[in-house]
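In short: position in the sequence shown from 1, add 1, done, that's the working numbering.
Working notes for the structure below.
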Amino acid sequence: GTPDPLRDDVTLQSLEAKSARLQLVAAAQGCACVNISEDESRLVFPRARLEALTEMNPVEFDQDTFEAIKAREHALGYFVDSGRYWECVDRFDAEALAEIDALWLDAPVR
């Protein structure tokens, strides 16, 4: 198939950053995120072959950095209980979200 384009949405500025965030959230829960596609991809997950999935481990990361970025996210107050964030998107600051994205992208993983 063809990838969905990022729609005009202040929260969808960087697919790379969102995948970096997912990778660390998953790793914090003991899960590995991998990319099994052989095609070009903007995801930051390590590549894996289906037959090698059982050998994949979660990335190692700095817990203090992870917690600090989560705290910055929380401080923005952008959590929407209903999950329908698009109904209150006017209160989101694109620049603040871009700064958070940059932090996720810069978070060291091993």
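Using N, Cα and C, we set each Cβ at its ideal position, and we do this for glycine too.
Among the bridge pairs identified by DSSP, Phe-62 is matched with Val-110. When only Cα atoms are considered, Trp-105 and Ala-18 end up about 6 Å apart. Residues of the same chain with their beta carbon placed closer than 8 Å to that of Asp-9 are lacking, with the five preceding and five following residues left out of the count.
Here the alpha carbon of Ala-72 sits roughly 10 Å from the alpha carbon of Gly-78. Counting C-beta atoms within 10 angstroms of its own C-beta, Arg-22 has 16 or more neighbours from the protein chains shown and is therefore classed as buried. By alpha-carbon distance to Thr-55, the top candidate from Ala-69, Glu-41, Val-35, Phe-67 is Val-35.
Excluding residues up to 5 positions away in sequence, Val-81 lie with their Cβ nearer than 8 Å to the Cβ of Cys-89 in the same chain. When the five nearest sequence neighbours on each side are left out, the beta carbons in the same chain lying within less than 7 Å of the beta carbon of Glu-74 are those of Ile-101, in order along the chain. The beta-carbon separation of Thr-12 and Phe-93, rounded to 7 Å, stays under the 8 Å limit for a contact.
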